[in-house]
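A.B. asks: Got a structure here, written out as structure tokens. Questions coming.
Protein chains: 2
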Amino acid sequence: MEPTTDLLERPLPASPAASDLAAAVEGLTTLLRTLPLRPAISLTAASTLRTLDHDGPLRLSDLAVRERVTQPAMTQLVTRLERDGLAERRADPLDARVVLVGITAGGAALLRERRAARTAQLDGLIATLPAADRERILAATPALLRLAEAAPAAG
Amino acid sequence: MEPTTDLLERPLPASPAASDLAAAVEGLTTLLRTLPLRPAISLTAASTLRTLDHDGPLRLSDLAVRERVTQPAMTQLVTRLERDGLAERRADPLDARVVLVGITAGGAALLRERRAARTAQLDGLIATLPAADRERILAATPALLRLAEAAPAAG
DNA sequence: TATTGTTATACTCTATAACTATA
DNA sequence: TATAGTTATAGAGTATAACAATA
Numbered sequence: 003m004e005p006t007t008d009l010l011e012r013p014l015p016a017s018p019a020a021s022d023l024a025a026a027v028e029g030l031t032t033l034l035r036t037l038p039l040r041p042a043i044s045l046t047a048a049s050t051l052r053t054l055d056h057d058g059p060l061r062l063s064d065l066a067v068r069e070r071v072t073q074p075a076m077t078q079l080v081t082r083l084e085r086d087g088l089a090e091r092r093a094d095p096l097d098a099r100v101v102l103v104g105i106t107a108g109g110a111a112l113l114r115e116r117r118a119a120r121t122a123q124l125d126g127l128i129a130t131l132p133a134a135d136r137e138r139i140l141a142a143t144p145a146l147l148r149l150a151e152a153a154p155a156a157g
Numbered sequence: 003m004e005p006t007t008d009l010l011e012r013p014l015p016a017s018p019a020a021s022d023l024a025a026a027v028e029g030l031t032t033l034l035r036t037l038p039l040r041p042a043i044s045l046t047a048a049s050t051l052r053t054l055d056h057d058g059p060l061r062l063s064d065l066a067v068r069e070r071v072t073q074p075a076m077t078q079l080v081t082r083l084e085r086d087g088l089a090e091r092r093a094d095p096l097d098a099r100v101v102l103v104g105i106t107a108g109g110a111a112l113l114r115e116r117r118a119a120r121t122a123q124l125d126g127l128i129a130t131l132p133a134a135d136r137e138r139i140l141a142a143t144p145a146l147l148r149l150a151e152a153a154p155a156a157g
């Protein structure tokens, strides 16, 4: 890939409104949702598996908070993940009310496969863009991750 | 806002993988979905209304293709939009099989209100980010819109 | 026959309210 | 009483398959 400095020193476009960003996110959501990945699991299921993979076993209620769904919604999602062999319920030896949710080896493997396949597909799409677009998207990705994480603090 | 050149001349981070972009999009999707907008309508419903607002009355089947859902799914969505007074079915005088779907005045008004409210909320979140993040996000937004539109050609 | 749209059916995903079990 | 989780119920949103109406 070319050096990035020349591209980014060019004059920037006039500041697009946040509504453009929102429209872009909606379009990209459709894009991600329609990428041909087998098996097809929901964005929430994938996000929950990533959280479990990264931050180890979590209480079901903590998981619900982190994924911004209600406790009953998480109960159902975990039930589906368990049915599919991707996650499992464990008992908390210290508090019998608590359900600890952990990812299974199968769940972790699925996550790796999907990540690799989707990255390849998304890379393919990004490669069709002009170099300046590619540079700006790559440069903005860490900032977009931080924006996505800014929501809990603001909510 | 500050001049952008100083910020963007700084060294860029190492190229993040497309999987980071995908993770950011998923997080932003959750963010958009959880922004407090009344009434709450789905991303698909909002996108469909935008399409109708922008490109006038469309055949139901064309609408399904453009929104990347099946014909039955669009039938149901249009039924809900019609029930809520946001869209309406019209007859095509040239072909009695065809259903033309148009946005109503109420639908267009809702779109304007939501766009304004969401832009304000998203602007508020973006304002909490470091200046460098803000600049990169704004600089990348047009490119992200083009990426979202690259999907149909690639699919 | 082919096209356009709807209906039938089923599953995911979400919510609120009511409930059970444990602390 | 309070907390953790489940069950009950309802609705949005999605799909495939079967159907009706029109071309």
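Going down the list, the sequences are from chains A and B. Positions in the first sequence are counted from 1; adding 2 to them yields our numbering. Positions in the second sequence are counted from 1; adding 2 to them yields our numbering. Every residue, glycine too, gets a C-beta built ideally from N, C-alpha and C. Note that the coordinates shown come from a computational prediction; the quantities given were computed from them, not determined experimentally.
#1: Just to check, is the beta-carbon of T130 (chain B) closer than 7 Å to a non-hydrogen atom of the ligand ZN?
#2: Mapping the DSSP letters down to three states, classify A93 (chain A) as helix, strand or coil.
#3: According to DSSP, is A155 (chain B) part of a helix, a strand, or is it coil?
#4: Please state the DSSP three-state secondary structure of I139 (chain A).
#5: For A145 (chain A), is the classification buried or exposed, using 16 other Cβ atoms within 10 angstroms of its Cβ as the cut-off for buried?
#6: Among A:E69, A:E84 and A:A26, which residue has its Cα nearest to the Cα of T46 (chain A)?
#7: What number of angstroms, rounded off, separates the C-alpha of G29 (chain B) from the C-alpha of L131 (chain B)?
#8: Just to confirm before moving on: does the CB-CB distance between T31 (chain B) and V67 (chain A) stay below 8 Å?
#9: From the DSSP secondary-structure annotation, give me the bridge partner or partners of R61 (chain B).
#10: Which term fits Q123 (chain A), buried or exposed, when burial requires 16 or more other beta carbons within 10 angstroms of its beta carbon?
#11: Spell out whether any CB of chain B is found under 8 Å from the CB atom of V67 (chain A).
#12: Please state the DSSP three-state secondary structure of T6 (chain A).
#13: Hey, is S44 (chain B)'s beta-carbon within less than 8 Å of any beta-carbon in chain A?
#14: What are the boundary residues of the alpha helix (DSSP H) that includes T130 (chain B)?
#15: Report the rounded CA-to-CA distance for T143 (chain A) versus A119 (chain A), giving the unit in angstroms.
#16: Using a Cβ cut-off of 9 Å, which residues of the stretch 110-137 of chain A contact any Cβ in chain B, in chain order?
#17: Got a sec: which bits of the stretch 61-86 of chain A sit with their beta carbon under 9 Å from any beta carbon on chain B, in order along the chain?
#18: Do A89 (chain B) and L54 (chain B) have their CB atoms nearer than 8 Å?
#19: Just to confirm the assignment: which complete alpha helix (DSSP H) runs, minimum length 4, are found wholly within the stretch 69-93 of chain A?
#20: Under the rule that 16 or more other beta-carbon atoms within 10 Å means buried, what is D135 (chain A), buried or exposed?
#21: Going by C-alpha distance, which of B:L37, B:D22 and B:I43 is nearest L113 (chain B)?
#22: Short of 7 Å in beta carbon distance, which residues of its chain neighbour E59 (chain A), apart from the five on each side in sequence? Order them along the chain.
C.D. replies: Working from what's here:
#1: This structure simply doesn't include the ligand ZN, nor any ligand for that matter.
#2: strand
#3: The predicted model places A155 (chain B) with a pLDDT of 38, which falls under 50 and marks its position as unreliable; any figure quoted below should be read in that light. DSSP places A155 (chain B) in helix when its eight states are reduced to three.
#4: helix
#5: buried
#6: A:E69
#7: 16 Å
#8: no
#9: B:L102
#10: buried
#11: no
#12: Note that T6 (chain A) scores a pLDDT of 42, beneath 50, so its modelled location is shaky; the value from the coordinates is reported in the next line. Correct three-state label for T6 (chain A): coil.
#13: no
#14: Where T130 (chain B) is concerned, there is no enclosing alpha helix (DSSP H), given that its DSSP letter is neither H nor E.
#15: 19 Å
#16: R117, A118, R120, T121, A122, Q123, L124, D125, G126, L127, I128, T130, L131, P132, A134, D135, R136 and E137
#17: E69 and R70
#18: yes
#19: 73-85
#20: buried
#21: B:I43
#22: First, the amino acid is wrong: residue 59 (chain A) is Pro here, not Glu. Counting only Cβ-Cβ distances below 7 Å, and skipping sequence neighbours, we find R92, L102, V103 and G104.
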